[in-house]
Each structure stands twice: as structure tokens, then as C-alpha cells.
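Colleague:
Protein chains: 2
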Amino acid sequence: MAIHKKEEFSQKEQDLAAFAKALSHPARIAILKMLAQKNECICGEIVNVLPLAQSTVSQHLKELKNAGLIDGTIDGPRSCYCINWKAFEKFNAEFSFLFNKLKVQNEKACC
Amino acid sequence: MAIHKKEEFSQKEQDLAAFAKALSHPARIAILKMLAQKNECICGEIVNVLPLAQSTVSQHLKELKNAGLIDGTIDGPRSCYCINWKAFEKFNAEFSFLFNKLKVQNEKACC
DNA sequence: TTTTCCTATCGTATATTTGCGATATAGGAT
DNA sequence: ATCCTATATCGCAAATATACGATAGGAAAA
Numbered sequence: 357m358a359i360h361k362k363e364e365f366s367q368k369e370q371d372l373a374a375f376a377k378a379l380s381h382p383a384r385i386a387i388l389k390m391l392a393q394k395n396e397c398i399c400g401e402i403v404n405v406l407p408l409a410q411s412t413v414s415q416h417l418k419e420l421k422n423a424g425l426i427d428g429t430i431d432g433p434r435s436c437y438c439i440n441w442k443a444f445e446k447f448n449a450e451f452s453f454l455f456n457k458l459k460v461q462n463e464k465a466c467c
Numbered sequence: 357m358a359i360h361k362k363e364e365f366s367q368k369e370q371d372l373a374a375f376a377k378a379l380s381h382p383a384r385i386a387i388l389k390m391l392a393q394k395n396e397c398i399c400g401e402i403v404n405v406l407p408l409a410q411s412t413v414s415q416h417l418k419e420l421k422n423a424g425l426i427d428g429t430i431d432g433p434r435s436c437y438c439i440n441w442k443a444f445e446k447f448n449a450e451f452s453f454l455f456n457k458l459k460v461q462n463e464k465a466c467c
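Quick note, the sequences are listed as chains A and B, same order. My numbering puts the first residue of the first sequence at 357, with every later residue one more than the last. My numbering puts the first residue of the second sequence at 357, with every later residue one more than the last.
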């Protein structure tokens, strides 16, 4: 890659891309699905369900946390994660602004 | 990575992840934004706008096309791309199904 | 025809991601 | 205290992604 060019794009473009990147692995989609379905937060249950080693799951959780998509708190001997719905709303709104709003005028086929 | 584990997840999870991956680079976000804004389809205009080499832009376009997010047709000496709104709708619906629908019951804070 | 312009693809270098085992850390149980 | 259980982090190997220059191909222009 020589030099990373990502910085030359607008902050919004970078933010959206970072959000999408956090969702760009089926394991992380599966984790979010689990967190969305369970009313309570979960922790190592995820390790039992996913076909991945504990350390790998922990890494995916960390990435989701760094991206702000989930919150994690230490609950005694175990860790407890839950979805950060605010972050989802924020990005959902930005995606809508970027694409959905423009869609109406563009509905006609092109090319 | 030794062995790719992606195949062990459900098809829906893989599809959603693939869609997100296509959006996971600011250059591709910028391309989609351009295509959404212009009523007409564009081509090498993108190269002039983005801070990337022509070959790199072409590669990003190819990825977006492979992911099904854009359509491309050859128009004489130049290529013409446009957003595949159907694909966006499809994935938007799946994301909503996965997350938004579950959100209502989960609105209460956790952790 | 030759030249020019536009785009796609190839080859390559480097960066990042993915995955795992091993290890560290920290709380609970004995 | 020692042991056990749950989770995070480190270090490494392999796979992918990113970026570019060089090159190929094809249509229009000269």
C-alpha cells in the first residue's frame, strides 16, 4: 500500500467506512445479532456459539467496541456486552442521508 | 489466517458482511456518493475527483460491481456506472430486520 | 493507418486483517 | 493460600486489501 490514502477523504466518509468495516465480517454480524436478540447482555456465551477460538472472539468484540457499536462492562469475573443503539441510529441516519434521500430523484433507471 | 472460517456462518450473515465490506473504504463511499448525486452515470470523472490513481479507482469500481452495489455498462470508449438501488434496498431491509425491529423491545439500557 | 484517449488488468510492494495458541490477569471458590 | 474459570492480550503465521506503475485493449480522432 506504500502510503495510506484514507486520510484524504472527508471525515464523514471515513466515519461511514469505519462503521461499515466493523460490520464487514460474518462473525461480527453474528455477534451483533446475538446481542440484539438477547435482552440481557452476554459474554462468553458468544464463544460457545461461534465457530471460533476464544481469543479470536475476544478480538472481534474489541473491534466492535472500538468502533463504538457495542458497550462492554466488567461484571465480576465476566464481561458483559450490549449494543450501542445510539451509534446504530447515528450511522443509519447518515446512510439514509447519503443514499435514501437521493434515491427518490434517481429512481429512474440509468445506463 | 491459516483457514478461512467465514464459510461457517449463515448465508445471510455472509451476505450482510460482504455488503458492509464493499462500503468499508472511504473511496468507495465517495464513489457511491458521487453516483447518487449525479442523475447521470459517471465514469472517469471519478478519477479526477478522488485522490487516487486511475488503476486504483478502477479496482474500487470493480469491487463495488462485484458486490452488486453498482451496475456498469460500456458506453463507446468510456464506462458508465450507476447505483443498483435494488441491492441497497435489499440490504437495508435485512439490516432493519436484524437490528431495527429488535430495537424496540431492547430500548431500555443494559449493562 | 496512426495517434490519442479512456478504461481494465497485471504484477508487485506494503499494510492490514484474521485466526490461533500461549500467556497474563483478575475474581471466585475451595 | 491454591485452584479454577472467564476474559484480554501477545506473538506469530497466513490470507486479504490497498495502492501504484506499466501495460493491454478498444473506440474515436487525426
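Where is the CB? At the ideal position from N, CA and C, for every residue including glycine. This structure is a prediction, so every number in the text was calculated from the model and none was measured.
In its own chain, which residues sit with a C-beta less than 8 Å from the C-beta of Gln-410/A, not counting the 5 before and 5 after it?
Modeller: Excluding positions up to five away in sequence, the list reads Gly-400, Val-403.
Colleague: Along chain B, in chain order, which residues have C-beta atoms closer than 7 Å to that of Lys-389/A?
Modeller: Near Lys-389/A (Cβ distances below 7 Å), the residues of chain B are Leu-454.
Colleague: In angstroms, rounded to a whole number, what distance separates the CA positions of Met-390/B and Val-405/B?
Modeller: Using only the alpha carbons, I get a separation of about 9 Å.
Colleague: Could you list which residues in chain B have their beta carbon closer than 8 Å to that of Glu-416/A, in chain order?
Modeller: Going by the sequence as given, residue 416/A is His instead of Glu. Under the 8 Å cutoff, chain B gives no residues; its nearest Cβ is about 11 Å from His-416/A.
Colleague: Where does Glu-369/B land, buried or exposed, given buried means 16+ other C-beta within 10 angstroms?
Modeller: Label assigned to Glu-369/B: buried.
Colleague: In whole angstroms, give me the CA-to-CA distance for Ile-439/B and Arg-434/A.
Modeller: One C-alpha to the other measures close to 45 Å.
Colleague: Using the three-state DSSP reduction, which class does Ser-435/B fall into: helix, strand or coil?
Modeller: Reduced to three states, the DSSP call for Ser-435/B is strand.
Colleague: Which residue wins for smallest C-alpha separation from Thr-412/A, given the options Ala-383/A, Ala-378/A, Lys-361/A, Glu-363/A?
Modeller: The residue with the shortest Cα to Cα distance from Thr-412/A is Ala-383/A.
Colleague: How is the alpha helix (DSSP H) around His-416/B delimited, first residue to last?
Modeller: Start and end: 410-422.
Colleague: For the alpha helix (DSSP H) containing Pro-407/A, list its first residue and its last residue.
Modeller: Premise fails: Pro-407/A is in no alpha helix (DSSP H) and is neither H nor E.
Colleague: Quick one: measure Cβ to Cβ for Ala-374/A and Ala-423/A, integer angstroms, because I've assumed they're closer than 8 Å.
Modeller: Yes, they are in contact, since the Cβ atoms of Ala-374/A and Ala-423/A sit about 6 Å apart, within 8 Å.
Colleague: Exposed or buried, which one is Ser-380/B when buried takes at least 16 other CB atoms within 10 Å?
Modeller: Buried, since its Cβ has 16 or more Cβ neighbours within 10 Å.
Colleague: Which residues in the same chain as Phe-365/B place their Cβ atom closer than 6 Å to its Cβ, once the five residues preceding and following it in sequence are excluded?
Modeller: Nothing meets the Cβ criterion.
Colleague: Name, please, each residue of chain B whose Cβ falls closer than 8 Å to the Cβ of Phe-447/A.
Modeller: Under the 8 Å cutoff, chain B gives no residues; its nearest Cβ is about 10 Å from Phe-447/A.
Colleague: Just to make sure I have the definition right: I need the residues of chain B whose C-beta is within less than 9 Å of the C-beta of Gln-370/A. Which are they?
Modeller: Residues of chain B passing the Cβ test: Pro-382, Ile-385.
Colleague: Out of Glu-396/A, Phe-451/A, Trp-441/A, Phe-455/A, state which residue places its alpha-carbon closest to the alpha-carbon of Asp-431/A.
Modeller: Nearest C-alpha to Asp-431/A: Glu-396/A.
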